[in-house]
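Below is one structure, written out as structure tokens; comments come after it.
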Amino acid sequence: MAEVVLKKAEKVYPNGFKAVHGIDLHVKDGEFMVLVGPSGCAKSTTLRMIAGLEDITGGEIWIGDRCVNDIPPKDRGIAMVFQNYALYPHMTAYENMAFGLKFKKTPKDEIDARIKEAAKKLEITELLDRKPKEMSGGQRQRIAVGRAIVRKPDVFLFDEPLSNLDAKLRVSLRVEIKELHTQLKKEGSTATMIYVTHDQVEAMTMGDRICVLDYGRIMQVDTPLNLYHKPKNKFVASFIGAPTMNIMETELDKDEDKTFVKINDEVIYLEEDMAQKVDSYIGKRVYLGIRPEDINMVSSDDPVMENTITGEVLVVEQMGNEEIVYFGIDGNRYIARQTPDLNEDLSTGAKKRFHINMRKCHIFDFETEENIIL
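Structure representation (structure tokens):
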């Protein structure tokens, strides 16, 4: 078991392109850390630097009490699970899992015991005599995870291991990997895991903490709930959450003792405690952020409410237990997430009123894009 620490870690390629910009990250012993971000944000590059598959060109990487900058991958105490499984096609599952241990000259009886123990954990005992071509994608990935477990590394590294699987299987396996992490911790075994994904739903459901990256820079490292409810900046706010947060450009203004913004000339008032935090921004451009679940359609039978806007229904996604309503205002599109109301006309083009819960809003500095409310 070991912690992983990156100190001002950088990656610059020979052509001068800087992929990783001096990041600092501390992964605690036994923690499940997820690296997430859009394509090209350097999450896989960062993982490969930790693994030793990419040279580090600045800063330091520590695994446990060792700086591993100049230590080859095989001696770093890591085990990696790849997106494409990386199994030897001519070997059985048992042989694939045993290969690394044989290379280290581990005794045969110990190899057998480790493989059987891992197979039991992953429920793949009946697959040990099969070759990869005789297994489904999900079964192959379980074998790849089993191969990592038997090595008893200090750190597990996962590089988008579920992205080649269908949606239903991805959900099933992400639960199994999280359960495996919990089980290993209870047993006092290796449990430090760093997991790369581009899927923010996967990140939110799996990570103890999540590191959000963009263009080789860390945007925020926090728990899933804090990332969702307390995003530090506009990028994190818009990236985390599905459907995405509504973000609109507007201006803060004040009328007597009330602070407000306008959406298509309709006045939306801020709560008093929030207004105090943004008082120095009066008269300035800002970004207003509202989660879809904090915008709700007002029934045609309800009395006129404060903080409502009028929009034209564009598309409605019926999810059964909820509905996602896309509506337009003056050429801009917004999203509301709500409990279905079968009595309301949601046909395309219908004009509806939507109430905004300003107690849950976020306001971002127009220049720095930092969350002013925090």
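Using UniProt numbering, read the sequence shown as starting at 1 and increasing by one per residue. Using N, Cα and C, we set each Cβ at its ideal position, and we do this for glycine too.
- Between PHE354 and VAL298, the CB-CB gap stays under 8 angstroms.
- Under the DSSP definition of a beta bridge, GLU367 lacks any partner.
- Counting the other Cβ atoms within 10 Å of the Cβ of LYS105 gives fewer than 16, which makes it exposed.
- If you draw a 10 Å sphere on the C-beta of MET305, you find fewer than 16 other C-beta atoms in it, and that means exposed.
- In the DSSP assignment, GLY328 falls within the beta strand (DSSP E) that extends over 323 to 329.
- A straight-line Cα-Cα distance of about 30 angstroms links PHE17 and VAL201.
- As the crow flies, the alpha-carbon of TYR94 is around 11 angstroms from that of LEU87.
- Residue pairing by DSSP places TYR287 opposite GLU249, PHE364 in a beta bridge.
- Annotated three-state conformation of GLY59 is strand, per DSSP.
- Annotation note: the region 215 to 280 contains the following uninterrupted beta strand (DSSP E) runs of length 3 or greater, listed N- to C-terminal: 217 to 222, 246 to 251, 253 to 255, 258 to 263, 266 to 269.
- Under the DSSP assignment, ASN96 falls in the alpha helix (DSSP H) whose first and last residues are 93 to 103.
- The way I'd put it, the region 235 to 253 does touch the region 286 to 296; three or more beta-carbon pairs between them come closer than 8 angstroms.
- At a cut-off of 4 residues, the continuous stretches assigned as alpha helix (DSSP H) that sit fully inside the region 181 to 209 are 200 to 206.
- Straight across, the Cα-Cα distance linking ALA275 with ASN371 is about 14 angstroms.
- By a beta-carbon distance limit of 8 angstroms, GLU10 contacts GLY58. Their separation comes to about 3 angstroms.
- When the beta-carbon positions are compared, THR190 and ASP154 come within less than 8 angstroms of each other.
- Taking 4 residues as the shortest admissible run, the region 19 to 58 contains the following complete alpha helix (DSSP H) segments, listed from N- to C-terminal end: 43 to 51.
- LYS351 and PHE235 have their alpha carbons spaced roughly 31 angstroms apart.
- Beta-bridge pairing by DSSP links TYR334 to PHE327.
- The beta-carbon distance between LEU213 and GLY22, rounded to whole angstroms, is 13 angstroms. This is too long to meet the 8 angstroms contact definition.
- For the set THR368, VAL325, ASN264, GLU117, the Cα lying nearest the Cα of LYS232 is the one of THR368.
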